[in-house]
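Written out below as structure tokens is the structure these notes cover.
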Amino acid sequence: MEVRHLSVEVRLEEDIAVLDLTGEINGFAEEALNSAYAEAEGADPRTVLLNFEKVDYINSTGIALIVGLLAKARASRRSLLACNLSEHYVEIFNITRLSDFMSVFPDEKTAVGEASGA
Amino acid sequence: MTDPKPRTDADLGRTLADFSVPSEPGNERLAMETVAESVRGLAFSGENLERLKTAVAEATMNAMEHGNHYRSGVPVELQVLTREQDLLVRITDRGSGPPPTEDGDTPDIEAKLEGIQTPRGWGLFLIKSMVDEMNITGDEGHHTVELVVHLGAEGGK
Numbered sequence: 025m026e027v028r029h030l031s032v033e034v035r036l037e038e039d040i041a042v043l044d045l046t047g048e049i050n051g052f053a054e055e056a057l058n059s060a061y062a063e064a065e066g067a068d069p070r071t072v073l074l075n076f077e078k079v080d081y082i083n084s085t086g087i088a089l090i091v092g093l094l095a096k097a098r099a100s101r102r103s104l105l106a107c108n109l110s111e112h113y114v115e116i117f118n119i120t121r122l123s124d125f126m127s128v129f130p131d132e133k134t135a136v137g138e139a140s141g142a
Numbered sequence: 082m083t084d085p086k087p088r089t090d091a092d093l094g095r096t097l098a099d100f101s102v103p104s105e106p107g108n109e110r111l112a113m114e115t116v117a118e119s120v121r122g123l124a125f126s127g128e129n130l131e132r133l134k135t136a137v138a139e140a141t142m143n144a145m146e147h148g149n150h151y152r153s154g155v156p157v158e159l160q161v162l163t164r165e166q167d168l169l170v171r172i173t174d175r176g177s178g179p180p181p182t183e184d185g186d187t188p189d190i191e192a193k194l195e196g197i198q199t200p201r202g203w204g205l206f207l208i209k210s211m212v213d214e215m216n217i218t219g220d221e222g223h224h225t226v227e228l229v230v231h232l233g234a235e236g237g238k
């Protein structure tokens, strides 16, 4: 079975950097994820939104990578948000307590609206 | 990967699959999809199947990494069985030394965010959270993690 390596597109929506994630978030994803986050930070956004719409697999190493991003975001007083997680990964974000520290939204529109104070 | 063997009646119950995967990064997905295929005839709802897949993937990753040290020539062996009202998935590596403990510390995300704990260390916690029981056994040359899902009216945890 071929690994679907993660690719990340970074775009700005006003003061929100959106990271569109495609593929698997596992041990192979570290460089792509951290590079994209660094690119997003370059624009000094108030909020970074991880869009999981095209992610079909996250393992425990991937959870650790997301914890690492969350630590970076907190250190620079940025909000890190998530959207478009499947029901299963929402459960995993809940039981790991990731969702206590990063808000999870059903879709990008809701996340952007909340982050923009709409 | 060796092909899943045909279904046979075993003393303990019915064997749904018996196969192995090389210890190479990423092969946990192959293991989890093969297990998912083997339980297709059972009454698993979507979310319960997703939980089982995550538990199998994490246990296989642990076996490949900590048991077999990602030596590709050393396989991880998987058996899928039914026994009375339970589904059992047994994942065996060639690890030596004492098997990992079942009662490891619960990961503390606040400590991880503060840099007091490593960001990693979620595997066993996820496995235990996804299935009804997890049992670990071992001898001089093997460790086996047994995942148990009760096949009741809910079809799993």
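Protein chains in written order, with the numbering used here: chain A, 25 to 142; chain B, 82 to 238. Note that the Cβ used here is the ideal one computed from N, Cα and C, for glycine as well. Note that the coordinates shown come from a computational prediction; the quantities given were computed from them, not determined experimentally.
Residue i versus chain B: which residues are under 8 Å apart at the beta carbon?
| i | result |
| --- | --- |
| Thr-120 of chain A | Pro-188, Ile-190, Trp-203, Phe-206, Leu-207 |
Quick one: measure Cβ to Cβ for residue i and residue j, integer angstroms, because I've assumed they're closer than 8 Å.
| i | j | result |
| --- | --- | --- |
| Leu-93 of chain A | Tyr-61 of chain A | 5 Å |
| Val-160 of chain B | Thr-96 of chain B | The sequence shown places Gln at residue 160 of chain B, rather than the Val named in the question. Right, their Cβ atoms sit about 7 Å apart. |
| Phe-117 of chain A | Ala-135 of chain A | Not really, about 14 Å apart at Cβ, beyond 8 Å. |
| Pro-181 of chain B | Leu-205 of chain B | 7 Å |
| Ala-136 of chain B | Met-211 of chain B | 4 Å |
| Leu-194 of chain B | Arg-98 of chain A | 6 Å |
| Phe-52 of chain A | Val-79 of chain A | Wrong, their Cβ atoms sit about 13 Å apart, outside the cutoff. |
| Thr-85 of chain A | Arg-121 of chain B | Not confirmed; about 28 Å, so no contact. |
Using a cut-off of 7 Å between C-beta atoms, extract the partners of residue i located in chain A.
| i | result |
| --- | --- |
| Leu-133 of chain B | Those within 7 Å of Leu-133 of chain B in chain A number zero; the least Cβ separation is about 11 Å. |
| Gly-148 of chain B | The premise fails here: Gly-148 of chain B is roughly 16 Å from chain A at the closest Cβ pair, so nothing lies under 7 Å. |
| Pro-200 of chain B | Ala-88, Val-91, Gly-92 |
Would you mind telling me which residues of chain B sit closer than 7 Å to residue i, beta carbon to beta carbon, in chain order?
| i | result |
| --- | --- |
| Glu-111 of chain A | Glu-128 |
| Val-27 of chain A | Gly-107 |
List the residues of chain A whose Cβ lies closer than 8 Å to the Cβ of residue i, in chain order.
| i | result |
| --- | --- |
| Glu-139 of chain B | Asn-83, Ser-84 |
| Ser-210 of chain B | Ile-119 |
| Leu-194 of chain B | Val-91, Leu-94, Ala-95, Arg-98, Phe-125 |
Hey, residue i and residue j: beta-carbon distance below 8 Å or not?
| i | j | result |
| --- | --- | --- |
| Val-34 of chain A | Glu-54 of chain A | no |
| Ile-87 of chain A | Thr-120 of chain A | yes |
| Arg-102 of chain A | Thr-71 of chain A | yes |
| Glu-111 of chain A | Glu-128 of chain B | yes |
| Pro-5 of chain A | Asp-44 of chain A | Chain A is shown only over 25 to 142; residue 5 of chain A falls outside these bounds and no answer can be derived. |
| Ile-172 of chain B | Ala-140 of chain B | yes |
| Ile-49 of chain A | Leu-36 of chain A | no |
| Ala-112 of chain B | Leu-130 of chain B | no |
| Leu-168 of chain B | Val-230 of chain B | yes |
| Thr-199 of chain B | Gly-94 of chain B | no |
| Arg-110 of chain B | Met-25 of chain A | yes |
| Leu-73 of chain A | Val-42 of chain A | yes |
| Ser-126 of chain B | Ala-98 of chain B | no |
| Glu-132 of chain A | Asn-83 of chain A | no |
| Val-128 of chain A | Val-114 of chain A | yes |
| Leu-228 of chain B | Val-170 of chain B | yes |
| Leu-89 of chain A | Leu-122 of chain A | no |
Name the chain A residues that come within less than 9 Å of residue i, Cβ to Cβ?
| i | result |
| --- | --- |
| Glu-214 of chain B | The contacting residues do not exist; Glu-214 of chain B stays about 17 Å from chain A at best. |
Against chain B: residues of the stretch 79-103 of chain A by CB proximity under 8 Å: Tyr-81, Asn-83, Ser-84, Thr-85, Ile-87, Ala-88, Leu-89, Val-91, Gly-92, Leu-94, Ala-95, Arg-98
Taking a cut of 8 Å between CB atoms, which residues from the stretch 122-140 of chain A lie near chain B? Leu-122, Asp-124, Phe-125
Would you say the stretch 223-232 of chain B touches the stretch 172-180 of chain B, given that touching needs at least three Cβ pairs under 8 Å? Cβ pair count under 8 Å is three or more, so yes.
Decide if the stretch 145-158 of chain B is in contact with the stretch 188-197 of chain B; the criterion is three or more beta carbon pairs, one per stretch, under 8 Å apart. No, the stretch 145-158 of chain B does not touch the stretch 188-197 of chain B.
Mind checking the stretch 51-67 of chain A against chain B and listing, in chain order, the residues whose C-beta falls within less than 9 Å of any C-beta there? Residues passing the 9 Å Cβ filter: Gly-51, Phe-52.
Short-range partners of chain A found in the stretch 111-126 of chain B, where Cβ spacing is below 7 Å: Of all residues in the stretch 111-126 of chain B, the ones placed with a Cβ closer than 7 Å to any Cβ belonging to chain A are Leu-111, Glu-114, in chain order.
Chain-ordered residues of the stretch 142-175 of chain B with a beta carbon less than 7 Å from chain A: Listed by position along the chain: Met-142.
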